[in-house]
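I have placed the structure first, in the form of structure tokens, so that the comments after it can refer back to it.
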Amino acid sequence: MPGTILLTGANSSLAIPAVHHFLTKYPDYTLVLTVRNPSTSDPNTKRLNDTITPFPSPSTSIRKLDLSNLSEVSAFAQTLATEISNGTLPPLASIICNAYYWNLASEVETTPDELDKTFQVNHVAHASLVLRLLGSFGPDSGRVVLFGSDAHWPGKNGLEKYPPTIPEDLEVLVKPTKKAGEDVRGKGFYQYAVSKLAIIIWMYALNGQLIKDDNLKHIKAVAINPGNLSDSRALRTNTPLILRIISRLIIQPLRPLLRLLDPTMRTATEAGEDVVELAVGEKYAGEAGYFTLLKKDESSPESQDGEKQGKIWKKTLEWAQVSPKDTVLKLE
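The sequence shown begins at 1 in UniProt numbering and counts up by one.
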């Protein structure tokens, strides 16, 4: 049965074609689309608005959500849960945690919650959102789609300078230290890569918790590496000039040739459509775990370390400020 789809970062390069795919192939779903700036003065939000305009429906809405503010995340989750409980919206069918942040062009940034912005937006805020909304899923099925990347696996991404790994002191993930002579781009990409590693680790931990709860075991979490998107705005946002030039003059025009070297090189539209299928397609009902594109895959050995999964699970609850009163999941 169709329900509500919550999609964060809905005006991104991947999300806009995903929204179009929902509206054309799965029109019975209710779409709650979140963005940092819901005004059409934002050119990306205008593109999103232009995408949904030909499909006029009260079941599609664009809403404000700033993942760099955990209080706002909590309030948003409460509002959405209330709308679902009172029947304004149907139960959740899927949460798609698409929004992301990185900064490869300047020093590490801190949120009002005093956490690293990349790590908070990519992982902590989404974890908070998911945990607070588990009780708003329908009784028969539910899917949580998280976003991984080949960057989580040391040595697999060309932008890597410092291999991502989970440190002994987990606080370093959210409060990274600055070291003399550290490369800004390399450090920025490390924070992005290690956030993706944490997301995948947390995905396994979440599935482990859900399966133990008779009321929630119908909900499954997946993490997808959507591929290297040649036309993504990510390559031109908070990146050094040289990377923006490479994106415009080499990666985009030479995509067909580059795809021979990297089979995951593709367009944002292709990736967006795959994400939709993973979120609601019948073929993927009941699936859990890690995917590269739409193929079930192995994630890095470190991400499959059960001890680290337990540690990241517990620490994420602390970072996300989620206590037993905030989620229907039984927290151990």
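Using N, Cα and C, we set each Cβ at its ideal position, and we do this for glycine too.
Legend entry - Under the three-state DSSP convention, the category aspartate 116 falls into: Aspartate 116 falls in the strand class under three-state DSSP.
Inset, instruction - Identify, in the order they occur along the chain, each residue of the same chain with its Cβ nearer than 8 Å to the Cβ of valine 275, setting aside the five sequence neighbours on each side. - result: Closer than 8 Å at the Cβ level, and outside the excluded window around valine 275, lie Leu14, Ala18, Ile96, Asn98, Val145, Ile224 and Pro226.
Legend entry - Close-in-space but distant-in-sequence residues of the same chain around aspartate 150 (CB under 6 Å, 5 per side omitted): So the qualifying residues of the chain are Lys156, Asn157 and Asn225.
Inset, instruction - Quick one: grab the DSSP three-state call for tyrosine 290. - result: Residue state, collapsed to three classes: strand.
Inset, instruction - Per DSSP, which residues does serine 59 bridge with? Please list them. - result: DSSP, once it has assigned bridges, lists no residue as partnering serine 59.
Legend entry - Sequence-distant residues of its chain with Cβ nearer than 7 Å to proline 91 (five each side left out): Result list for proline 91: Gly3, Thr4, Ile84, Ser136, Phe137 and Gly138, in chain order.
Inset, instruction - State the DSSP-derived secondary structure class of asparagine 16, mapped to helix, strand or coil. - result: A quick correction: the sequence has isoleucine, not asparagine, at residue 16. Residue state, collapsed to three classes: helix.
Legend entry - Residue burial classification, threonine 79 (beta-carbon count within 10 angstroms, cutoff 16): Exposed: under 16 other Cβ atoms inside 10 Å.
Legend entry - Alpha carbon of arginine 47 to alpha carbon of glycine 306, nearest angstrom: Rounded to the nearest angstrom, the two C-alpha atoms are 42 Å apart.
Inset, instruction - Count the other CB atoms, across all protein chains shown, that sit within 10 Å of the CB of isoleucine 87; report buried if there are 16 or more and exposed otherwise. - result: A small correction: the amino acid at residue 87 is glycine; isoleucine does not occupy that position in the sequence shown. Of the other Cβ atoms in all chains shown, fewer than 16 fall within 10 Å of the Cβ of glycine 87; this residue is therefore exposed.
Inset, instruction - Identify every residue that forms a DSSP beta bridge with alanine 223. - result: DSSP, once it has assigned bridges, lists Leu146 and Tyr290 as partnering alanine 223.
Inset, instruction - Mind checking who asparagine 228 pairs with in its DSSP beta bridge? - result: By DSSP's assignment, asparagine 228 forms a beta bridge with Met265.
Legend entry - Between the CA atoms of threonine 177 and aspartate 50 - distance to the nearest angstrom: Going from the Cα of aspartate 50 to the Cα of threonine 177 covers about 42 Å.
Legend entry - Minimum C-alpha distance to arginine 236 - residue among Asn11, Asn103, Asp262 and Tyr29: If we check each option's Cα against that of arginine 236, Asn103 comes out closest.
Inset, instruction - Tell me the start and end of each unbroken beta strand (DSSP E) in the segment 22-86 that is at least 3 residues and wholly inside, in chain order. - result: 30-35 and 60-64, all fully within the segment 22-86.
Inset, instruction - Please work out which residues of its chain come closer than 8 Å, Cβ to Cβ, to leucine 89, disregarding the five sequence neighbours upstream and downstream, and give them in chain order. - result: Closer than 8 Å at Cβ, skipping near neighbours: Thr4, Thr30, Val32, Leu80 and Glu83.
Legend entry - Identified DSSP bridge partners for leucine 92: Leucine 92 pairs with Thr4 and Phe137.
Legend entry - Cβ contact (3+ pairs, closer than 8 Å) linking the segment 195-211 and the segment 306-320: At 8 Å Cβ cutoff, the stretches touch.
Inset, instruction - Determine the burial state of proline 58: buried for a count of at least 16 other Cβ atoms within 10 Å of its Cβ, exposed for fewer. - result: The residue is exposed, with fewer than 16 neighbouring Cβ atoms inside 10 Å.
Legend entry - lysine 283 (DSSP reduced to helix, strand or coil): Residue state for lysine 283 is assigned as helix, using DSSP reduced to three classes.
Inset, instruction - Return the CA-CA distance between valine 278 and leucine 294, expressed in angstroms with no decimal places. - result: For the sequence presented, residue 278 should be read as leucine rather than valine. The C-alpha of leucine 294 is placed about 7 Å away from the C-alpha of leucine 278.
Inset, instruction - Kindly indicate the opening and closing residues of the alpha helix (DSSP H) around leucine 210. - result: Note, leucine 210: alpha helix (DSSP H), 184-210.
Inset, instruction - State the Cα-Cα distance for the pair leucine 6 and glutamate 72, rounded to the nearest angstrom. - result: When the Cα atoms are used, leucine 6 and glutamate 72 turn out to be separated by approximately 16 Å.
Inset, instruction - Decide yes or no for the touch test of the segment 36-44 against the segment 113-130: beta carbon pairs closer than 8 Å, at least 3 of them. - result: No, the segment 36-44 is not in contact with the segment 113-130.
Inset, instruction - Determine the closest residue to glycine 286 out of Ile16, Lys217, Leu243 and Trp319, with distance taken between C-alpha atoms. - result: Here the closest residue by C-alpha is Lys217.
Inset, instruction - Assuming leucine 173 contacts proline 167 (C-beta within less than 8 Å), just tell me the rounded distance between them. - result: Contact between leucine 173 and proline 167 holds: their C-beta atoms lie close to 7 Å from each other, under 8 Å.
Inset, instruction - Check whether the Cβ atoms of methionine 265 and serine 230 sit closer than 8 Å, and answer yes or no. - result: Here methionine 265 is near serine 230, since their CB atoms are less than 8 Å apart.
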